[in-house]
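Chains as they are written, first to last, in the working numbering: chain W, 204 to 530; chain G, 2 to 360.
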Amino acid sequence: MPVRTFIEAIREGLRDEMRRDERVIVLGEDVGRKGGVFYATDGLWAEFGDGRVLDTPLTESMIAGVSIGAAANGLLPVAEIQFADFIFPAMNQVISEAARIRYRSNGTYGCPITIRAPYGAGVHGALYHSQSVEAFFAHVPGLKVVIPSTPYDAKGLLRTAIRDPDPVIFLEHKKMYRSVRGEVPDGEYTVPFGRAAIPRTGSRLTVVAYGLMLHYALEAAARVAEDGIEAEVIDLRTIRPLDEETILASVRRTGKCLVVHEDNRFGGFGAEVAALVAEEAFDYLDGPVTRLAGPDSPASPNALPLEEAFMLSPAKIAAAIRTLTAY
Amino acid sequence: VTTAGFPGAQDPVARSGLSSERLVELYRLIALARALDERAWILNRAGRTHFVISGQGHEGAEAGVTAALTPGRDWLLPYYRSMTGVMAMGMTPREVFLLQFGKADDPGSGGRQMPSHYGHAGRRVFTSSSPVGTQILHGAGIALAAKLRGIPEVALVAMGEGSANQGDVHEALNFAGIHRLPMILFVENNGYAISVPAERETAVPDIAQRAAGYAMPGVIVDGGDVVGCYLAARDAVTRALAGEGPTLIEAKVTRLTGHSSDDQQTKYRSAEELAEQRAQDPLPRFRDELRAAGVLDEASEAQIATEIAAAVADATDFAEAAADPDPSTLLRHVYAEPGDPVPGPPPAATSHDVGGRPA
Chain W
204 MPVRTFIEAI REGLRDEMRR DERVIVLGED VGRKGGVFYA TDGLWAEFGD GRVLDTPLTE
264 SMIAGVSIGA AANGLLPVAE IQFADFIFPA MNQVISEAAR IRYRSNGTYG CPITIRAPYG
324 AGVHGALYHS QSVEAFFAHV PGLKVVIPST PYDAKGLLRT AIRDPDPVIF LEHKKMYRSV
384 RGEVPDGEYT VPFGRAAIPR TGSRLTVVAY GLMLHYALEA AARVAEDGIE AEVIDLRTIR
444 PLDEETILAS VRRTGKCLVV HEDNRFGGFG AEVAALVAEE AFDYLDGPVT RLAGPDSPAS
504 PNALPLEEAF MLSPAKIAAA IRTLTAY
Chain G
2 VTTAGFPGAQ DPVARSGLSS ERLVELYRLI ALARALDERA WILNRAGRTH FVISGQGHEG
62 AEAGVTAALT PGRDWLLPYY RSMTGVMAMG MTPREVFLLQ FGKADDPGSG GRQMPSHYGH
122 AGRRVFTSSS PVGTQILHGA GIALAAKLRG IPEVALVAMG EGSANQGDVH EALNFAGIHR
182 LPMILFVENN GYAISVPAER ETAVPDIAQR AAGYAMPGVI VDGGDVVGCY LAARDAVTRA
242 LAGEGPTLIE AKVTRLTGHS SDDQQTKYRS AEELAEQRAQ DPLPRFRDEL RAAGVLDEAS
302 EAQIATEIAA AVADATDFAE AAADPDPSTL LRHVYAEPGD PVPGPPPAAT SHDVGGRPA
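Okay, here's the thing in structure tokens:
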């Protein structure tokens, strides 16, 4: 099976969907001739031209709002927000409009748009090129929030997102673009929303993660395994819809749950998982549901010592696993 | 920026190129919208509905501009003062009042939206929200899809001059100008954003001046001149369909009521100003124009008044008696449901009675 980087899988997913369905268009800042600042859309303009790949002005609200209108009139827009940090000018269009067009029209209009955005720190992006934004969107009924961690899932979930009848926020950790590789089949396949994966099984505790933190969690689990601690690692893949059953079934077996995310801890998505476990698996717990998350600074600062202090790491996750296991 | 010519005493049939019958239809639509709107206030003050936000004073401009659209082909992206426009696209008085009363059969939202937050998929009236100005980006997107798909359609976006100051409006006009989209921005300038007067809203007297910044024509029309509004929109539709791009039409209108049923405009507008505004009411002005031209006579006017009274009574009784939404439907349509249509081109518009004729 061919091996692809994370970003190659995304590019192939876009290309294959554009070949499959002429209603799919791509729009965003620099997505055309340049192929995107990370080159996620490289080659699409050359293959599909101006009518399918649109370089937009630096106007994020327009990117979201025009996608909504184009979707209402028969297209399937895939919008790129250049960095997740820049999505806030589009928040009104995403939350007040895209998320509730179906609801407010009683199902008579839909909003089949996909908004891709690179997120995450660890690449010297500082305060405005490294934020994690998933909690803002996961809170909103009407949106779906996808955060793949493998090239296989990135391609399969992106296909599902583009074909989905509702608005999807598709978050790609930028540090994974070229550092993560994996097998990706050439042919048609999709990965469904709302089904977590269990890339590592174990009996002592459950680690719930997604995106880059999934990889760090797997690395941490490998380290603690040397000391005989067998951690089960769950990759959520989509945080809304959330695969509650897989989380609960795992915690009921292991009795302990550690949730890991790079986003800020306060009000972060880990709180939702923790509340779910506390409400639905309380009788099975023999330790506190624990969150390991980004410190509550406004994103990752620029200077390297500050960035390293901000970022989670396999070592930090391994330490949290050991602490919880010993409880 | 151009300013549409003053009508003077020119015959409206000759000036517009519209038939006498069509002009009478427009008069009927304006009078119907006024009567429905007045009924909505009475229902609110009687405690039978929660809220009114009104288009009184805007009806002439909305009727004139939307008369240039082809219902079933073109799109209207309305705002909360667009009762006249949505009826021009084919919505009926009953449908307007099902929304007013928040009933299950409200075709735009099933009782989920505030009154006057219009939408109707079958009539190509796009669903609207309360944060103002957002709809222009949807209009640009609809127009972009029409252009990319090679389908001759026009998206008409209606909003007030208050909304025109939103950032989304700049972003949309910029984009529409770049791609020469078949879109019309129709700004209904009534001089107030709730209580804030025009001079505190913009540094320029006319919103239409801004069109130059987007390489599109800006046209100022007298919003009480129904035929003038029609002619401006007809030219804009012609340009749009010819691939010549968007147009900004600004109609100077009057707001005859408070901003909404929760506003008291005497707090910020003088009695003299309100009296002066009342004199600019488009309804008697258009009626007098048609009378003078011999298009409207006493008999047909009386006949129309009778039909409208019946339509308003019918819409009120029908909507008030209609079923409320079932609480069990609260969580319906948050996401697509099994059996919902898959993403794709919207269904063809259904047949309809253009002009919002009384039921």
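Using N, Cα and C, we set each Cβ at its ideal position, and we do this for glycine too.
| query | result |
| --- | --- |
| Those runs of the beta strand (DSSP E) which lie wholly inside the stretch 273-326 of chain W and span at least 3 residues | 279-283, 317-322 |
| Per-residue DSSP class, three states only, for D318 (chain G) | helix |
| C-alpha gap between L451 (chain W) and S329 (chain G), whole angstroms | 28 Å |
| R398 (chain W) versus W:L217, W:P368, W:D438, residue with shortest Cα-Cα distance | W:D438 |
| Minimum Cβ-Cβ distance from L217 (chain W) to chain G less than 8 Å | no |
| Strand pairing of P198 (chain G), partner residues [DSSP] | G:Y193 |
| N276 (chain W), buried or exposed, once every other Cβ within 10 Å from all chains shown has been counted against 16 | buried |
| Short CB-CB distance (under 8 Å) between N191 (chain G) and chain W | no |
| Burial state of L509 (chain W), where buried means 16 or more other Cβ atoms lie within 10 Å | exposed |
| Minimum Cβ-Cβ distance from M294 (chain W) to chain G less than 8 Å | no |
| Residues sharing a beta bridge with I228 (chain W), DSSP | W:P280 |
| Opening and closing residue of the beta strand (DSSP E) in which F287 (chain G) lies | Premise fails: F287 (chain G) lies in the alpha helix (DSSP H), 283-293, not in any beta strand (DSSP E). |
| Beta-carbon proximity of A89 (chain G) to G56 (chain G), cut-off 8 Å | no |
| Check whether S299 (chain W) and S130 (chain G) have beta carbons under 8 Å apart | yes |
| Short CB-CB distance (under 8 Å) between G91 (chain G) and chain W | no |
| E251 (chain G) vs R82 (chain G) beta-carbon contact at 8 Å | no |
| Interface residues of chain G facing R223 (chain W) [CB-CB closer than 8 Å] | Result: empty, since nearest Cβ-Cβ is about 13 Å, beyond 8 Å. |
| Reference P72 (chain G), options G:S164, G:E290, G:V155, closest by Cα | G:V155 |
| 7 Å Cβ cut-off: residues of chain W touching G168 (chain G) | S264 |
| Residue range of the unbroken alpha helix (DSSP H) whose run includes K519 (chain W) | 517-528 |
| Whole-angstrom distance between V326 (chain W) and P504 (chain W), CA atom to CA atom | 11 Å |
| Residues of the stretch 330-345 of chain W whose Cβ lies closer than 7 Å to any Cβ of chain G, in chain order | P344, G345 |
| 8 Å Cβ cutoff met for V269 (chain W) and A141 (chain G) | yes |
| 8 Å Cβ cutoff, E172 (chain G) in contact with chain W | yes |
| Segment limits, alpha helix (DSSP H) that includes T85 (chain G) | 84-89 |
| Nearest to A320 (chain G) (by Cα), restricted to the options G:S164, G:E39, G:D169, G:L44 | G:L44 |
| Start-end ranges of the alpha helix (DSSP H) lying completely within the stretch 13-38 of chain G, minimum 4 residues | 13-17 |
| Endpoints, beta strand (DSSP E) assigned at N560 (chain W) | Outside the shown range of chain W, which is 204 to 530, sits residue 560 (chain W), and nothing can be said about it. |
| CB-CB length for C314 (chain W) against A293 (chain W), believed under 8 Å | Actually they do not touch by this definition, with Cβ atoms about 14 Å apart. |
| Within-8 Å CB hit, H51 (chain G) to chain W | no |
| Per-residue contacts from G254 (chain W) into chain G (C-beta, under 8 Å) | L149 |
| Backbone CA spacing between P132 (chain G) and Q167 (chain G) [nearest angstrom] | 10 Å |
| Beta carbon proximity, D315 (chain G) to chain W, threshold 8 Å | no |
| Coarse secondary structure for P444 (chain W), derived from DSSP in three states | coil |
| Within-8 Å CB hit, T128 (chain G) to chain W | yes |
| Short CB-CB distance (under 8 Å) between F176 (chain G) and chain W | yes |
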